[in-house]
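A.B. asks: Next up is a structure, given as C-alpha cells.
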Ligand code: GLA
C-alpha cells in the first residue's frame, strides 16, 4: 500500500509575517507523519474519522474527490509541540486523498488545500508557512518564503550550522484564540495605513504600533538573516534570532517566561542565537549553534523553572512525498 510521508517544520526566523504577505525562513525537519492508505470503494464517511482527514475530503470535494481512504498513521513528530504536526497530517492526507481519487494537484495546490483544511477543521486562520515548508522542504536547505507570491527559494545551510529545537514542556494552550487576535490586530494596522498588508509598510509608518512594528522589523530580519547565512556569518545570524525573540516577546507579546528562560539558557550553552519558533504561547524554541546542544540545557531549565525541556536535534529534510511499497 502507498504511504504519504510528510515532515514537520521549524522556522529559523520570520514569525507572524506569513499572513501579512511577508517573508519567513522555515525548514522541513527529519520528523514525519507516515500515512499508509488504501482507497475505499464506497463513499461512506465513517462515524468517527479524525476531523482533519474528513475535512480534507470535504475541501477536495469541489475538485471531484468522493472516495475516502482507510489509513494507518504513525508519527515520530511530536503532536501539539509547535512543529506543525497538524500541517504534516493535512499535507499527507491531501496527497493520499488526491491519489485515491486520481486527482493531480501541483505542490502549491497541495499546500493550499492543506491550509484550507486547517482553517475549516480547527478554526485557526493560519498563514501558509507550515504547509509550504512541509511540501517544499529540501535536504540541507532552509526555504525563503515570499508569502505574497508564494515563491519558495531554497537557501543552503552552512555545514557548520547546527539547528536544535528545544521543547519548553509547556503546551500551546492559548495559541488558537490569541493567534486569531494577533492576526486581526495586524489587519487593522494595515487597513489604518491604507495598505494591502504590513509587508508594504515602512518602519517609520509603524514606529508607534508595537504589533505592526514587529511584523515590519521581522521581515527585514529574515532578509538580513539570509544575507548573513550566505556570507557564512553565523554570529550575525544568531544576533538576528535574538532580536527576533525580543520583538516577539516585547512588541508582539507571544512569548512566555518559560520560553524566555529557555532561549537565555540555550545562549549560555553556546548557541549563536535562539528564539521562540512558530506561533508562540508555549511550544518550542529554535537555536543555531556550532554543535548540538547538550543535556546541560535541560538541567539548567529544570533548575530555573521546575519543568522538563526536551532537546530535539533536527536536520533540514525533503518535503512530502508518496512512497509505494517496495520503492524507496
Ligand atoms: C503558526 C501558523 C503559521 C504562522 C506561524 C507564526 O505556525 O500556522 O501560518 O503564522 O504560526 O509565524
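In our numbering, the protein residues as written are 4 to 331. The beta-carbon is built from N, C-alpha and C at its ideal position, and this holds for glycine as well. Note that the structure is a prediction, hence the values are computed from the model and not measured.
(1) Let me make sure I understand the geometry here. Which of 294, 278 and 293 has the alpha-carbon closest to that of residue 287?
(2) Is it the case that the CB of residue 248 approaches a heavy atom of ligand 1 more closely than 7 Å?
(3) Starting from the Cα of residue 305, find the closest Cα among 322, 123 and 264 and give me that residue.
(4) Quick one: give me the first and last residue of the alpha helix (DSSP H) that residue 75 is part of.
(5) Under the DSSP definition of a beta bridge, which residues are partnered with residue 166?
(6) What is the C-beta distance between residue 32 and residue 320, in whole angstroms, given that I count them as a contact (C-beta under 8 Å)?
(7) Are the CB atoms of residue 28 and residue 99 nearer to each other than 8 Å?
(8) Would you check if the stretch 236-246 and the stretch 198-210 touch, i.e. whether three or more CB-CB distances between them fall below 8 Å?
(9) Alpha carbons only, please: which of 313, 4, 77 and 24 is nearest the one belonging to residue 41?
(10) Mind checking who residue 148 pairs with in its DSSP beta bridge?
(11) Grab me the residues of residue 209's own chain with a C-beta within less than 6 Å of its C-beta, minus the 5 sequence neighbours each way, in chain order.
(12) Tell me the rounded alpha-carbon separation between residue 250 and residue 17.
(13) Relative to the C-alpha of residue 295, which candidate in 159, 164 and 126 has its C-alpha closest?
(14) Exposed or buried, what is residue 171 when buried is set at 16 or more other beta-carbons lying within 10 Å of its beta-carbon?
(15) Let's see if you can read the secondary structure: which residues bound the beta strand (DSSP E) around residue 326?
(16) With which residues is residue 42 paired in a DSSP beta bridge?
(17) Per DSSP, residue 8 forms a beta bridge with which residues?
(18) Below 8 Å, can you find three or more Cβ-Cβ pairs linking the stretch 267-286 to the stretch 178-188?
(19) Using CA coordinates, which residue listed in 10, 159, 23 and 138 is at the minimum distance from residue 194?
(20) Quick check: residue 272 and residue 297, are their CB atoms within less than 8 Å of each other?
(21) What residues in its chain sit with their C-beta under 6 Å from that of residue 174, if we drop five residues either side in the sequence?
(22) Output needed for residue 299: all residues of its chain with C-beta closer than 7 Å, excluding positions within five of it in sequence on either side, in chain order.
C.D. replies: In brief:
(1) 278
(2) no
(3) 264
(4) Per DSSP, residue 75 belongs to no alpha helix (DSSP H); it is in the beta strand (DSSP E), 72-78.
(5) 291 and 317
(6) 6 Å
(7) no
(8) no
(9) 4
(10) 27 and 155
(11) 215, 216 and 219
(12) 11 Å
(13) 164
(14) buried
(15) 324-326
(16) 72
(17) 37 and 324
(18) yes
(19) 23
(20) yes
(21) 285
(22) 272
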